[in-house]
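What follows is a single structure, written as structure tokens, with notes after it.
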Amino acid sequence: MKKKVLVLMSGGIDSSLAAYILKKSGYEVIGCTMRLFLCKKKSSEKQCCSPDDINEAQRTAQQLGIKHYVIDKRRVFEKYVIENFVSEYMRGRTPNPCIICNVKIKFGEMLKFAKGLGCDFLATGHYARIVRQSEVRSPKSEVKYLLKKGVDETKDQSYFLYGLNQKNLPHILFPAGDYKKPEIRKLAKKLKLKVADKKESQEICFVEDADYRKFLERRLPQIKPGKIVDTLGKVLGTHKGISYYTIGQRHGLGISVGYSIYVVKIDAEKNEIVVGKKEELLNKEFLVQDISWTVSPPKKSPFIANVRIRYKHKESKAKIYLMKNKTAKVIFEKPQLSITPGQSAVFYKKDIVLGGGIIAYVV
Amino acid sequence: MKKIYLDYNATTPVHPEVLDAMLPYFKDFYGNPSSVHSFGQETRKAVEDAREKIAKFLGAENPSEIVFTSCGTESNNFAIKGTAFANKDKNCRIITSTIEHHSVIEPCEYLSKKFGVDVTYLPVDKYGIVNPDDVKKSITEKTVLISIMYANNEVGTIQPIEEIAKIAKEKSITFHTDAVQVVGKIPFNVKKTGIDLLSLSGHKFYAPKGSGVLYVRKGTKLHPLFHGGSHEKNRRAGTENVPYIVGLAKALEIAHRDMDKESKRILALRQKLEKGILEKIKYTQINGHPEKRIYNTSNISFNYIEGEGILMSLDLEGFAASTGSACTSGTLEPSHVLSAMGVPPEKAQGSVRFSLGHYTTEKDIDKLLEILPKIVERLRSMSPLWEDRIKSIKNAK
Numbered sequence: 000m001k002k003k004v005l006v007l008m009s010g011g012i013d014s015s016l017a018a019y020i021l022k023k024s025g026y027e028v029i030g031c032t033m034r035l036f037l038c039k040k041k042s043s044e045k046q047c048c049s050p051d052d053i054n055e056a057q058r059t060a061q062q063l064g065i066k067h068y069v070i071d072k073r074r075v076f077e078k079y080v081i082e083n084f085v086s087e088y089m090r091g092r093t094p095n096p097c098i099i100c101n102v103k104i105k106f107g108e109m110l111k112f113a114k115g116l117g118c119d120f121l122a123t124g125h126y127a128r129i130v131r132q133s134e135v136r137s138p139k140s141e142v143k144y145l146l147k148k149g150v151d152e153t154k155d156q157s158y159f160l161y162g163l164n165q166k167n168l169p170h171i172l173f174p175a176g177d178y179k180k181p182e183i184r185k186l187a188k189k190l191k192l193k194v195a196d197k198k199e200s201q202e203i204c205f206v207e208d209a210d211y212r213k214f215l216e217r218r219l220p221q222i223k224p225g226k227i228v229d230t231l232g233k234v235l236g237t238h239k240g241i242s243y244y245t246i247g248q249r250h251g252l253g254i255s256v257g258y259s260i261y262v263v264k265i266d267a268e269k270n271e272i273v274v275g276k277k278e279e280l281l282n283k284e285f286l287v288q289d290i291s292w293t294v295s296p297p298k299k300s301p302f303i304a305n306v307r308i309r310y311k312h313k314e315s316k317a318k319i320y321l322m323k324n325k326t327a328k329v330i331f332e333k334p335q336l337s338i339t340p341g342q343s344a345v346f347y348k349k350d351i352v353l354g355g356g357i358i359a360y361v362v
Numbered sequence: 000m001k002k003i004y005l006d007y008n009a010t011t012p013v014h015p016e017v018l019d020a021m022l023p024y025f026k027d028f029y030g031n032p033s034s035v036h037s038f039g040q041e042t043r044k045a046v047e048d049a050r051e052k053i054a055k056f057l058g059a060e061n062p063s064e065i066v067f068t069s070c071g072t073e074s075n076n077f078a079i080k081g082t083a084f085a086n087k088d089k090n091c092r093i094i095t096s097t098i099e100h101h102s103v104i105e106p107c108e109y110l111s112k113k114f115g116v117d118v119t120y121l122p123v124d125k126y127g128i129v130n131p132d133d134v135k136k137s138i139t140e141k142t143v144l145i146s147i148m149y150a151n152n153e154v155g156t157i158q159p160i161e162e163i164a165k166i167a168k169e170k171s172i173t174f175h176t177d178a179v180q181v182v183g184k185i186p187f188n189v190k191k192t193g194i195d196l197l198s199l200s201g202h203k204f205y206a207p208k209g210s211g212v213l214y215v216r217k218g219t220k221l222h223p224l225f226h227g228g229s230h231e232k233n234r235r236a237g238t239e240n241v242p243y244i245v246g247l248a249k250a251l252e253i254a255h256r257d258m259d260k261e262s263k264r265i266l267a268l269r270q271k272l273e274k275g276i277l278e279k280i281k282y283t284q285i286n287g288h289p290e291k292r293i294y295n296t297s298n299i300s301f302n303y304i305e306g307e308g309i310l311m312s313l314d315l316e317g318f319a320a321s322t323g324s325a326c327t328s329g330t331l332e333p334s335h336v337l338s339a340m341g342v343p344p345e346k347a348q349g350s351v352r353f354s355l356g357h358y359t360t361e362k363d364i365d366k367l368l369e370i371l372p373k374i375v376e377r378l379r380s381m382s383p384l385w386e387d388r389i390k391s392i393k394n395a396k
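As you go down the protein sequences, you meet chains A and B in turn. Under numbering that gives the first Met the number 0, the residue at position 115 of the first sequence is numbered 114, and the numbers go up by one with no gaps. Under numbering that gives the first Met the number 0, the residue at position 362 of the second sequence is numbered 361, and the numbers go up by one with no gaps.
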């Protein structure tokens with residue numbers, strides 16, 4: 000009997016092609032689009048999972064000749080993703096909601112749901128790979144599932160997936176991860192899929208017009224202004240509320256001191272934004288919390304890995320000291336710009352994702 | 000895979016005899032019924048024959064009381080807005096219920112928002128029944144319309160229509176009923192019952208989608224929604240949809256011809272279905288009234304899981320059912336009908352409507368009873384709600 004796979008279709012090109020590739024490879028493919036939030040206004044082009052996207056996913060599924068369902072995940076999305084997003088900003092941190100969504104919604108709730116439907120696998124359009132590896136030397140001839148970068152380095156999305164583990168990896172498929180983006184695009188054109196020319200969606204899906212500040216305003220009526228100070232504590236101006244700022248931000252500070260200044264720290268306790276020169280953004284050492292491992296924790300500590308501190312950061316060599324309670328201290332060999340609390344630090348060995356966690360603070 | 004359709008309250012296939020009756024009116028007899036020539040005279044006859052037939056089956060006094068519309072939604076909009084607009088000078092009030100179809104609730108909301116019409120939504124009991132005393136108590140001098148559905152589309156509960164109609168009549172208030180789920184299933188007589196306005200929809204009883212009727216008792220104050228030609232005695236402008244009108248009349252004729260036999264057969268199947276589910280699957284209950292319910296409808300709550308998972312799983316096995324109304328699918332909003340009946344949200348979420356019809360066989364029900372317990376068990380084993388339940392049982396021990 001054919002293996003059954005539930006494909007999460009966002010209405011975009013990558014997940015559409017994921018569905019196609021799986022169908023072509025002989026799976027019984029079931030398409031599914033999640034309704035994640037309420038749209039207050041007509042969606043702009045780049046957004047994901049608005050009613051327009053749901054329709055597009057449905058049209059693509061029809062073109063591919065697969066079944067398609069819409070499933071309402073608004074309540075859990077609000078509970079796990081949006082509430083966390085808002086509270087992180089309130090604490091002066093810069094969250095990465097996609098990472099939470101992957102762990103809690105896509106590969107948490109939806110993977111369970113897929114199994115409930117009797118599916119063998121859940122698939123998405125992520126650019127990453129899962130490689131099955133059997134350890135012949137081990138006595139039990141153990142099987143491991145490694146999470147690796149996608150073939151297309153420029154599109155690789157493994158950063159967002161470090162929260163996966165041996166429980167869920169065996170049941171996940173990333174068919175797009177074996178392709179380069181231009182190949183995917185070409186294939187979509189060849190198939191005359193309506194989504195072939197669709198723009199990339201990189202903004203946060205539930206934030207309209209990529210304006211997260213406006214989104215926060217609607218959610219947080221009590222944003223408090225405060226002081227902008229330099230690293231020595233000298234007051235340079237006032238800010239509109241710490242939630243509006245992120246580490247490394249240069250624009251919109253409303254201060255001129257004769258040279259470029261950047262947000263170097265957000266102090267939620269004092270409700271202060273600390274600014275400084277670009278060099279002051281450089282740091283080597285930070286603490287990571289809520290760490291999870293794709294296979295298992297490293298046997299020795301410290302260990303060396305390449306660490307990526309945000310999606311577009313080029314990972315850099317670091318020494319990692321494991322600590323209690325899923326925390327670790329990371330020390331980069333060379334200082335890195337804008338180590339931002341709330342973002343995730345992901346540990347790589349070559350193209351293998353070992354695990355990662357959330358940056359708590361710079362030491 | 001054989002597909003099994005158990006969603007007849009959403010829509011029905013066109014009956015072959017209905018299709019045969021309609022076909023000549025697409026290309027052989029295509030005249031505009033309003034035209035003077037023989038082409039028009041032929042189709043005028045077809046329309047008026049249909050009108051007479053429908054009037055007879057509904058128990059209308061006069062065929063002119065039958066107004067053809069495009070669907071149930073149009074009929075409901077027509078009845079509600081038409082009555083409100085005809086009574087505009089009265090600063091009017093409408094009484095309806097919390098379990099109406101959206102095509103009743105939304106026009107009421109529209110009138111309330113845009114025209115300041117006062118709308119009272121009456122509650123229902125745990126079976127989904129409106130209390131006629133509540134209707135009586137809610138009436139004021141300004142009340143111009145009482146609109147209570149004949150039977151509910153989601154749970155099938157039948158309302159005490161005669162009593163409510165009587166109350167309306169005593170106070171000379173227009174009484175409208177949305178009978179979309181009843182026409183073709185249960186016999187009734189508009190005149191004897193005292194109904195002023197009644198909506199019906201052809202595609203619920205094996206006529207094509209896009210055919211409907213509003214029964215308008217003679218003397219009922221009603222403004223048209225569509226303005227244009229003098230069709231339907233100035234009540235609904237627009238060229239008559241001749242083949243669909245012919246089809247609707249034929250479908251109603253067939254429904255009445257077979258009603259006795261079909262209602263017994265389908266009721267027996269539904270009883271088998273419900274008995275089987277309650278026996279084979281734990282933590283389930285039937286929503287709606289045990290007896291005062293249309294014989295084809297079964298709304299069942301499966302605790303600890305969500306209805307959409309059941310629907311998808313069923314569909315993958317070839318079974319078509321629904322959660323409540325097809326018009327609100329794709330959202331997890333608990334059904335407004337079940338909420339109004341006091342079904343808690345966690346149970347309402349896990350509810351599925353099976354609606355049986357002409358082509359449902361005993362084999363279909365047997366097959367469903369074989370597959371459904373497996374589906375529910377699998378979904379429960381993956382459900383966070385089920386996990387919580389098991390945990391709480393363990394903790395209690």
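Note that the Cβ used here is the ideal one computed from N, Cα and C, for glycine as well.
Look at A:K264: its C-beta is not under 7 Å from any C-beta on chain B.
Across the structure, A:L160 and A:L336 are spaced so that their CA atoms are roughly 23 Å apart. A:Y261 has A:G275 as its beta-bridge partners, per DSSP. In the assembly as shown, A:E278 is an exposed residue. Its beta-carbon has fewer than 16 other beta-carbons within 10 Å.
Just measuring C-alpha positions, the residue of A:Q57, A:D208, A:I12, A:K22 sitting nearest A:R34 is A:Q57. The beta-carbon separation of B:I293 and B:A150, rounded to 5 Å, stays under the 8 Å limit for a contact.
If you look at A:N83, you'll find it in the alpha helix (DSSP H) that goes 82-89. In terms of Cα proximity to A:A304, the closest of A:K313, A:K318, A:I129 is A:K318.
Interface with chain A (7 Å Cβ-Cβ cutoff): B:M0 is excluded.
Two segments are said to touch when three or more pairs of C-beta atoms, one from each, lie closer than 8 Å; by this definition the stretch 123-131 of chain A does not touch the stretch 246-261 of chain A. B:K141 and B:T10 have their alpha carbons spaced roughly 37 Å apart. In the DSSP assignment, B:C70 falls outside any beta strand (DSSP E), carrying neither H nor E.
With a cut-off of 8 Å on Cβ pairs, the stretch 262-275 of chain A is not in contact with the stretch 315-334 of chain A, counting fewer than three such pairs.
For A:Y68, a Cβ of chain B is located within less than 7 Å of the residue's own Cβ.
Inside the stretch 68-150 of chain B, DSSP marks whole alpha helix (DSSP H) runs of 4 or more residues at positions 71-85, 101-114, 131-137, from first to last along the chain. For B:S354, the secondary structure class from DSSP, reduced to helix, strand or coil, is strand.
Beta-bridge analysis with DSSP links A:G355 to A:S291, A:V345. For the stretch 193-249 of chain B, the full-length alpha helix (DSSP H) segments reaching 4 residues or more read 230-233 along the chain. Judged by beta-carbon spacing, B:G317 lies within the 7 Å limit of B:K2, meaning their Cβ atoms are closer than that value. With contact defined as three or more Cβ pairs closer than 8 Å, the stretch 87-102 of chain B and the stretch 202-218 of chain B are not in contact. A:R249 is classed as exposed because its beta carbon has fewer than 16 other beta carbons within 10 Å across all chains shown. Using a CB distance below 7 Å, no part of the stretch 336-362 of chain A faces chain B.
Annotation: the continuous beta strand (DSSP E) that includes A:I330 extends over 327-336.
Taking 9 Å as the cut-off between beta carbons, the residues of the stretch 379-395 of chain B near chain A are R379, S380, M381, S382, P383, in sequence order. Burial is judged here by how many other beta carbons sit within 10 angstroms of a residue's own beta carbon; A:V362 has fewer than 16 and is exposed.
Membership of A:D229 in the beta strand (DSSP E) is indicated by the continuous run 225-229.
Within chain A, the C-beta atoms nearer than 9 Å to that of B:S312 come from G115, L116, G117, in chain order. Contact note: A:I227 does not reach chain B at a C-beta cutoff of 9 Å; the least C-beta distance is about 44 Å. In the DSSP assignment, A:M109 falls within the alpha helix (DSSP H) that extends over 109-115.
Three or more Cβ pairs drawn from the stretch 183-201 of chain B and the stretch 57-69 of chain B lie within less than 8 Å of each other, which places the two stretches in contact. Assignment of A:V130 by DSSP, reduced to helix, strand and coil, places it in the strand class. Between the beta-carbon of A:I29 and that of A:K3 there is about 7 Å, and that keeps the pair under the 8 Å contact cut. By the neighbour-count criterion, in which a residue is buried when 16 or more other Cβ atoms sit within 10 angstroms of its Cβ, A:K148 is buried. Here the alpha carbons of A:K223 and B:M381 stand approximately 43 Å from one another.
In the DSSP assignment, A:Y144 forms a beta bridge with A:R131. Residue pairing of B:D177 in beta bridges, as defined by DSSP: B:S198.
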